[in-house]
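Notes to accompany the following structure.
In our numbering, the protein residues as written are 70 to 282.
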């Protein structure tokens, strides 16, 4: 797909109403964005937003979170999936940040990937939303929409990220995740997408477009 078409697609999507969970958390401290992103793995925003807010209300500082009882954290985040594993990630990460990074969140991909529960998607989200640094956090929404539209032809989010890092101009990196996540949650859903409402349907190569019921 030509860059000028991608430009039109992203600019059109950027005009959509709404804001993602991480968009809402953008003004919060980096450690809260990191923890919220870990919580968001395999969970939707409807579950993650209230859980994150409740967690940060009870543990407003990184120090208090690091000392939290695992059972208490589990009670708060049990509405998300894999809450047992996420509790371990949260506590380990909080303590590493305090001991190794003087309570700061590292702002490089290499360092972020060393933290428990942090993969390329989480690390990319932290770089984009906490530090306003160019990165391409590719989740299932980004992967699905990029393939349906025809920007890429890949089989996994990881492969999508690798292709986009080589082909998508960096000037689009900061907005890519945000616009794709919003679009994926509201219109281009995994099952029965609302194609008749889609503002970019004229550019879309998806063969199974749905019609208005």
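Glycine included, every Cβ here is placed at the ideal spot set by N, Cα and C.
Legend entry - Beta-carbon proximity of residue 237 to residue 203, cut-off 8 angstroms: no
Legend entry - Helix, strand or coil at residue 278 according to DSSP, with G and I counted as helix: coil
Legend entry - Own chain, CB closer than 8 angstroms to residue 74, minus 5 neighbours either side, in chain order: 272
Inset, instruction - Report the option in 106, 84, 87 and 76 whose CA atom is closest to the CA atom of residue 197. - result: 106
Legend entry - Under the three-state DSSP convention, the category residue 172 falls into: Coil.
Inset, instruction - Might you give, ordered along the chain, the residues of its own chain that have their beta carbon closer than 7 angstroms to the beta carbon of residue 163, omitting 5 neighbours on each side? - result: For residue 163, same chain residues with a beta-carbon under 7 angstroms away, outside a window of 5 residues either side, are 131, 134 and 135 in chain order.
Inset, instruction - Go through its chain and collect everything with a Cβ distance to residue 78's Cβ below 7 angstroms, but skip five positions before and after it. - result: 218, 269 and 272
Inset, instruction - Would you mind giving the Cβ-Cβ distance between residue 211 and residue 224, rounded to the nearest angstrom? I have them listed as a contact below 8 angstroms. - result: About 14 angstroms; that fails the 8 angstroms criterion.
Legend entry - Reference residue 91; option with closest CA among 84, 115 and 70: 115
Legend entry - Beta-carbon contacts of residue 267 that lie in its chain and below 6 angstroms, excluding the five residues immediately before and after: 256
Inset, instruction - Below 6 angstroms CB to CB, which residues in the same chain sit around residue 186 once its five sequence neighbours on both sides are set aside? - result: Around residue 186: 107 and 158.
Legend entry - alpha helix (DSSP H) segments (min. 4 residues) lying fully within the region 138-217: 139-146, 152-170, 178-181 and 189-200
Legend entry - is_contact[residue 208, chain B] using C-beta, thresh 8 angstroms: The structure shown has no chain B; it contains just one protein chain.
Legend entry - Extent of the continuous alpha helix (DSSP H) run through residue 131: 131-135
Inset, instruction - Determine the burial state of residue 101: buried for a count of at least 16 other Cβ atoms within 10 Å of its Cβ, exposed for fewer. - result: buried
Legend entry - residue 264, DSSP secondary structure in three states: helix
Inset, instruction - Take residue 172 as the anchor and find which of 279, 110 and 161 has the nearest alpha-carbon. - result: 161
Inset, instruction - Out of 239, 276, 213 and 199, state which residue places its alpha-carbon closest to the alpha-carbon of residue 103. - result: Distance from the Cα of residue 103 is smallest, within the candidate group 239, 276, 213 and 199, for 199.
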